[in-house]
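Engineer: I have a structure here, written as structure tokens, and I will follow up with some questions on it.
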Amino acid sequence: MSYEPLFWDLAAAVDMAFEPWYPDKVVKTYRIEPQVFYYTFGPHEPALRIASGDTVIAETRDAFGYDRDRSPLPESMKHCLPGTSLKESNPVIGPIYVEDA
14 MSYEPLFWDL
24 AAAVDMAFEP
34 WYPDKVVKTY
44 RIEPQVFYYT
54 FGPHEPALRI
64 ASGDTVIAET
74 RDAFGYDRDR
84 SPLPESMKHC
94 LPGTSLKESN
104 PVIGPIYVED
114 A
């Protein structure tokens, strides 16, 4: 039995429960489809800039770089900072810059 759909439904419900309300704001939804994955938190240029309260939909990889179909992350999409060589675990997307945060 797969609990993945249940997990995502619960995650969305929790997210909505804590979402701030902006009565005069038009909330936008963005989809980010990364072309590169990083292995460090650092001085990377934002992949996306959003306003506070906006929603981002992103599909990421698991800790080993596999997508939901178990396809590995291509080497061409792996990026690390000069002087580092870690390109094996916990790929991250972004960063996402939130205005006024």
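Take the sequence shown: its letter number 75 is residue 88 in my numbering, and every next letter is one higher.
Idealized CB from N, CA, C, for every residue including glycine.
1. Give the secondary structure of E101 by DSSP, where H, G and I count as helix, E and B as strand, and everything else as coil.
2. Less than 6 Å between C-beta atoms, sequence neighbours within five positions excluded: which residues of the same chain meet that for R62?
3. Output needed for D80: all residues of its chain with C-beta closer than 8 Å, excluding positions within five of it in sequence on either side, in chain order.
4. Who are the Cβ neighbours of P108 in its own chain at under 7 Å, not counting the five residues just before and after it?
5. Assuming A76 contacts S98 (C-beta within less than 8 Å), just tell me the rounded distance between them.
Structural biologist: In brief:
1. Looking at E101 - three-state DSSP - the assignment turns out to be coil, as it is neither helix nor strand.
2. Only Y110 meet the Cβ criterion.
3. Within the same chain, D80 has close Cβ partners E72, R74, L86.
4. So the qualifying residues of the chain are H57, P59, A60.
5. About 18 Å; that fails the 8 Å criterion.
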